[in-house]
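In this note's numbering, the protein residues as written are 1205 to 1348.
A virtual CB, placed ideally from N, CA and C, is assigned to each residue, including glycine.
Here is the structure we will look at, set down as structure tokens.
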């Protein structure tokens, strides 16, 4: 409990990984406290951690927790450790600026074409963004 509350000296990335692990503890009290703590991390910590090479599962959870904070999500999308599935998930709710970042990552789209459908189905995506990813899919031979 003390470690969850941040009283044990850990590097920010280690602390967030620890909190993520505690989300799966057998104790409901520990899981609840870890969930509350991970969702209310100070901005300085979260902005530092999302640039670190931490496990993709942790980054996915952070994307869920901070989905309404565009600056966090934008910085998180620049981390090479982010899983393709996280890109797809973010593409379902991203605003137009974030969709633009996702749509321009053609390497990921080639590797994980489900991102195209997520962009296309996102009501925040502009018509030009939808057209851009569809045309890219056609040029690249991606079967939609």
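Is residue j closer than 8 Å to residue i when the C-beta atoms are compared?
| i | j | result |
| --- | --- | --- |
| residue 1303 | residue 1323 | yes |
| residue 1294 | residue 1277 | yes |
| residue 1270 | residue 1249 | no |
| residue 1235 | residue 1227 | yes |
| residue 1283 | residue 1300 | no |
| residue 1224 | residue 1265 | yes |
| residue 1316 | residue 1288 | yes |
Report, in whole angstroms, the separation of the C-beta atoms of residue i and residue j, which I expect to be a contact under 8 Å.
| i | j | result |
| --- | --- | --- |
| residue 1290 | residue 1267 | 5 Å |
| residue 1263 | residue 1280 | 6 Å |
Which residues in the same chain have their Cβ closer than 6 Å to the Cβ of residue i, if we skip the five residues on either side of it in sequence?
| i | result |
| --- | --- |
| residue 1257 | 1285 |
| residue 1252 | 1216 |
| residue 1292 | 1318, 1319, 1322 |
| residue 1218 | none |
To the nearest angstrom, how far is the alpha carbon of residue i from that of residue j?
| i | j | result |
| --- | --- | --- |
| residue 1260 | residue 1229 | 19 Å |
| residue 1341 | residue 1305 | 16 Å |
| residue 1333 | residue 1222 | 38 Å |
| residue 1243 | residue 1272 | 12 Å |
| residue 1241 | residue 1233 | 12 Å |
| residue 1337 | residue 1231 | 45 Å |
| residue 1344 | residue 1310 | 10 Å |
Which of helix, strand or coil does DSSP assign to residue i?
| i | result |
| --- | --- |
| residue 1222 | helix |
| residue 1308 | coil |
| residue 1252 | helix |
| residue 1277 | helix |
| residue 1285 | coil |
| residue 1347 | coil |
| residue 1268 | helix |
Looking only at its chain, what residues have a beta carbon closer than 8 Å to the beta carbon of residue i, apart from the 5 residues adjacent to it on each side?
| i | result |
| --- | --- |
| residue 1326 | 1295, 1296, 1297, 1298, 1303 |
| residue 1239 | 1227 |
| residue 1330 | 1300, 1303 |
| residue 1255 | 1279, 1282, 1283 |
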